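Data first, discussion second: the structure below is written as structure tokens.
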Amino acid sequence: MSHTEQICVIGLGKFGYKFGLSLANLNYKVIGIDSDPEKISITQKHFSLVYEADASQKQTLEQIGFSEITHVLVSVGDSIATSAMTTMYLKELKVPNVWVKAINEDHAKLLRKVGADEVIIPEHIAACQLTDKINMPGIIQRLPFDSEMIIQEITIKKLAQKTLKEIDLTNKFNCQIIAIRKQDEHYYRYIPKAEDTLIEGDTIIIIGKEKLLAKINP
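Per the working numbering, residue 395 is the first one in the sequence shown, and the count goes up by one each step.
Below, the structure written as structure tokens:
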């Protein structure tokens, strides 16, 4: 399925390139910008459009045009000044969603002050993901709008031979089961029905508050 959103990646190093490539593989229209001709050569095989340009110059950004771009990721290495100036110019050009990679918390604070909508510190994300794997086995993702909300994968044992209505996790733990994978199947059934029965070895994907999900004895 193709998507109508246009995504721009400024800075085609390892992080920016991987981000853009992942979106391109999901059929998003991805535009890449970098001043390094070697990176442009590699990227142009996979992105919809690439520009060899210095994105820290406002005139360059104005010439490229961002009127139809919904999201921009700024990933320009360790240059704090460059990422801050680029972010400020993008917000002046009315880009609705500007996401910026930061190298530390001080850098992140500066980026927020100049208008960044989302700041990413890759090392922090990796550390949190590793912690979650140890502390909350089966966790799939934390939701960006609420750090307490998670999506978790749980294997059924004690709740076997009961329907979703009978276990009533929604009312007991203020959560929602969004998918079930039967023990003998390799795919998920999304939006399960209340009368669906769980058997031992089934897997459910559930969304809710981390503290409440930790109390479930599946």
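Even glycine gets a Cβ: it sits at the ideal position worked out from N, Cα and C.
Here the structure is a predicted model, which is why all the values come from computation and not from measurement.
Among all the DSSP beta bridges, which residues are the ones paired with A573? Indexing the sequence shown from 1 puts residue 573 at position 179. Paired residues: Y584, I599.
Can you tell which of K495, E462, F460, E456 has the C-alpha that lies nearest to the C-alpha of D472? Counting from 1 along the sequence shown, the entry for residue 472 is found at position 78. Here the closest residue by C-alpha is K495.
Own chain residues within Cβ distance below 6 Å of K423, not counting five before or after: Counting from 1 along the sequence shown, the entry for residue 423 is found at position 29. Excluding sequence neighbours, K423 sits near Q400, S442.
For the structure I just gave you, are there three or more beta carbon pairs, one from the segment 553 to 568 and one from the segment 599 to 610, closer than 8 Å? yes
With the cut-off set at 7 Å, would you say A418 and H440 are in Cβ contact? Residue 418 sits at position 24 when you count from the first residue of the sequence shown. Residue 440 sits at position 46 when you count from the first residue of the sequence shown. Contact: yes.
What are the start and end residues of each continuous alpha helix (DSSP H) run of 4 or more residues lying completely inside the segment 485 to 571, in chain order? 499 to 507, 516 to 529, 558 to 561, 563 to 567
Would H501 be called buried (16 or more neighbouring beta carbons within 10 Å of its own) or exposed? Sequence index remark: in the sequence shown, residue 501 carries index 107 (1-based). So H501 counts as buried.
Report the residue from I548, L420, R506 whose alpha carbon sits nearest the alpha carbon of M479. Residue numbering aside, residue 479 sits at position 85 when the sequence shown is read from its first letter. Measuring from the Cα of M479, the nearest candidate turns out to be R506.
Give a yes or no on whether the C-beta atoms belonging to V466 and V492 are separated by under 7 Å. Here the question's residue 466 lines up with position 72 in the sequence shown. Here the question's residue 492 lines up with position 98 in the sequence shown. Yes.
Quick one: Cα of S468 to Cα of K587, how far? Taking the first residue of the sequence shown as 1, we reach residue 468 at position 74. Taking the first residue of the sequence shown as 1, we reach residue 587 at position 193. Note that residue 468 corresponds to Val in the displayed sequence, not to Ser. Each residue's alpha carbon lies about 42 Å from the other.
Taking C-beta to C-beta, are I598 and I561 nearer than 7 Å? Counting from one through the sequence shown, the residue named residue 598 turns up at place 204. Counting from one through the sequence shown, the residue named residue 561 turns up at place 167. Not closer than 7 Å, so no.
Nearest residue (CA-CA) to M543, options I601, Q457, L455, C402: Here residue 543 corresponds to residue number 149 of the sequence shown, with the count starting at 1. Ranking the options by Cα distance to M543, first place goes to I601.
Excluding the 5 residues flanking R575 on each side, which residues of the same chain have their C-beta closer than 6 Å to its C-beta? Indexing the sequence shown from 1 puts residue 575 at position 181. Hits under 6 Å: Y582, T597.
Give me the residue from A520, I404, Q577, K559 with the minimum Cα distance to I548. Looking up residue 548 in the sequence shown gives position 154. Per the Cα distances, Q577.
Distance between G595 and E367 (C-alpha atoms, nearest Å): Not covered by the structure: residue 367. The range shown for the chain is 395 to 612.
On the three-state DSSP scale, how would you describe G414? In the sequence shown, residue 414 corresponds to position 20, counting from 1. DSSP places G414 in helix when its eight states are reduced to three.
Considering K423, what are the terminal residues of the beta strand (DSSP E) in which it resides? In the sequence shown, counting from the first residue as 1, residue 423 sits at position 29. Run containing K423: 423 to 428, per the beta strand (DSSP E) assignment.
Nearest neighbour of I550, chosen from I528, A573, N529 [CA to CA]: Numbered from 1 along the sequence shown, position 156 holds the residue referred to as residue 550. Closest by alpha carbon: A573.
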